[in-house]
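See structure below.
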DNA sequence: CTGGCGATTTGACCTCGATCAAATTATGAC
DNA sequence: GTCATAATTTGATCGAGGTCAAATCGCCAG
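Residue numbers (this note's numbering), protein chains in the order written: chain A, 4 to 229; chain B, 4 to 229.
See the structure below:
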């Protein structure tokens, strides 16, 4: 892991992101004031469950996976964060301890925001507090959505739901490229890679074509019914 | 559903709860200012997924279940809130729409806090914002814990984990009463009632005795190893 | 104490997805 | 392009839990 200063381009990525976008320029500036950038190779562990954690992380580029470890060493993904997302914020309110492990899934650049400072800025600036609450809500929703999908849907249904989540409304035919390896998608959906593969082939009957990372839908309705 | 005003006893329950405890008296008072109490019978639906929701709820007594519905009518529990807990706060930041269904599991009394007002108080009062962030964090953690347990643990392991969560540290032998029907516990753990029952009988070999709602542990270590 | 009802348990069966092994297909380095 | 390696798919098997039905248990009103 190497660390650098924040350059102009990084700064633009941060300011254009969902979290900072809505903030007053001054508030955003204050947060970014002493931000540091770190770079990580694929597979690098960013932090481990239970370890002290005094940063909140912003994904400048790459991909990060949050997961928990089982007693037997098996891993369960909690979330995957692509470029532009902020994560690790909950440690800030829970004793500065990580509640999960984090790993870079690709070569990744992170902006590190000092969590004590962010917290004190949130105290002084309602807009920042508001933005944090919104972030926390969204992350809570993500987890609840996952939980509900795990409990209610079969593997092909979860995959269908993922595809539909990437498909604009009111369209019948559509195609897009997976933003990561199938490997990672499987983890995110709580499936073994083999199960994901079989789910895709089950969806083929409903007009889904898979070629490498390219997914094509030919019949949105069929997918919704699945 | 009947609605009443907040009486002195209710007020005491609210002020003694985890959320209000840490707040300055003035701030807590401001929130409770125009709170209304509603009573609900067992099985009453409190609100439905997607419906407009402009209150945050506090459980004065009874028990509330949050769940999502599958296309086929099956239900997946997201969380169960006993007396003293606050719920429904995330709608406040997500367009005042419920993201799940809520149902009273027992005869229940709720305090209803106007969410617009709470939100505007949070803007003016950093302590309230802080308390809300903590609440959101905890709810996010609950969901993540559930997700991880669902993905990593078998049914008996989840039950063991639940029991251990109710057992003080450093003790070998212990007994407690389930705070709700096995029915409800099954839902909370993402199991069919039959599976919960079988899980209990699998744990019998590890020194767990179940008589009605009374659970006895005779060997904490064995349970931890499970 | 007793009947009756709802909660829980048990049995039988079956489906989904995990796992392991093997085949096949991308992908990146030269 | 070609090889080596990693990713993905496919096949075969197995076990955890869901579902349905039936048997019990536990609790409460009378």
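Glycine residues also receive a C-beta, built at the ideal position from the N, C-alpha and C atoms. Bear in mind that the values here come from a model prediction, so they are computed numbers and not experimental data.
The beta-carbon of residue 93 of chain B is placed less than 8 angstroms from the nearest beta-carbon of chain A.
Contact residues of the region 140–173 of chain A toward chain B are 140, 141, 142, 143, 144, 145, 146, 147, 148, 149, 150, 151, 152, 153, 154, 155, 156, 160 (C-beta to C-beta distance below 9 angstroms). Apart from the 5 residues on each side of it in sequence, residue 115 of chain A sits with its Cβ closer than 7 angstroms to the Cβ of 38, 39, 41, 58, 60 in its chain, given in chain order. Secondary structure of residue 162 of chain B (DSSP, three-state): helix. Exclusion of the five residues before and after residue 27 of chain A leaves 130 as the residues of its chain whose Cβ lies within less than 7 angstroms of its Cβ. Taking 8 angstroms as the CB threshold, residue 132 of chain A lines the interface with chain B. Against chain B, a Cβ distance below 8 angstroms from residue 101 of chain A picks out nothing, because the smallest value is about 12 angstroms.
Under the three-state reduction of DSSP, residue 197 of chain B is assigned to helix. Judged by DSSP in its simplified three-state form, residue 85 of chain B adopts strand. With a threshold of 8 angstroms between beta carbons, residue 18 of chain A makes no contact with chain B.
With a cutoff of 8 angstroms on beta-carbon distance, residue 117 of chain A and residue 175 of chain A are scored as not near each other.
Contact annotation for residue 25 of chain B against chain A: no contact, minimum CB-CB distance about 12 angstroms [criterion: below 8 angstroms]. When DSSP states are grouped into helix, strand and coil, residue 144 of chain B belongs to the helix group. Minimum Cα-Cα distance from residue 107 of chain A among the listed residues A/82, A/53, A/193 corresponds to A/82. In the three-state reduction of the DSSP assignment, residue 186 of chain B falls in the helix class.
Distances from the CA of residue 88 of chain A to each of A/224, A/138, A/73 were compared; the closest alpha carbon is that of A/138. Around the C-beta of residue 48 of chain A, fewer than 16 other C-beta atoms lie within 10 Å, and the residue is accordingly described as exposed. Contact annotation, residue 67 of chain A with residue 105 of chain A: C-beta distance approximately 6 angstroms; criterion of less than 8 angstroms satisfied.
At a cut-off of 8 angstroms, the C-beta of residue 113 of chain A has no neighbouring C-beta in chain B. With a threshold of 8 angstroms between beta carbons, residue 76 of chain B makes no contact with chain A.
Membership of residue 34 of chain B in the alpha helix (DSSP H) is indicated by the continuous run 28–35. When B/4, B/147, B/196 are compared, the shortest CA-CA separation from residue 46 of chain B is found for B/4. Against chain A, the beta carbon of residue 96 of chain B has neighbours under 9 angstroms at 133, 136, 137, 139, 140, 141, listed in chain order.
If you draw a 10 Å sphere on the C-beta of residue 111 of chain B, you find 16 or more other C-beta atoms in it, and that means buried. Residue contact with chain B for residue 79 of chain A: present (Cβ-Cβ distance below 8 angstroms to some residue of chain B). Burial check for residue 172 of chain B: the Cβ neighbour count within 10 Å stays below 16, so the residue is exposed.
Within the model, the alpha-carbon separation for residue 150 of chain B versus residue 165 of chain A is close to 17 angstroms. Pairing residue 196 of chain A with residue 205 of chain A gives a Cβ-Cβ distance that is not under 8 angstroms. Of all residues in the region 62–76 of chain A, the ones placed with a Cβ closer than 7 angstroms to any Cβ belonging to chain B are 71, 73, in chain order. With 16 or more other Cβ atoms inside 10 Å of its own Cβ, residue 156 of chain A counts as buried.
Taking the CA atoms as reference points, residue 218 of chain A sits about 33 angstroms from residue 92 of chain A. In this chain, the beta strand (DSSP E) harbouring residue 179 of chain A covers 177–180.
In the structure shown, the three-state DSSP call for residue 55 of chain B is strand. Non-local beta-carbon contacts of residue 69 of chain B in its own chain, meaning distances under 6 angstroms to residues more than five positions away in sequence, involve 81, 82, 103, 105 in chain order. The DSSP-derived three-state label of residue 74 of chain A is coil.
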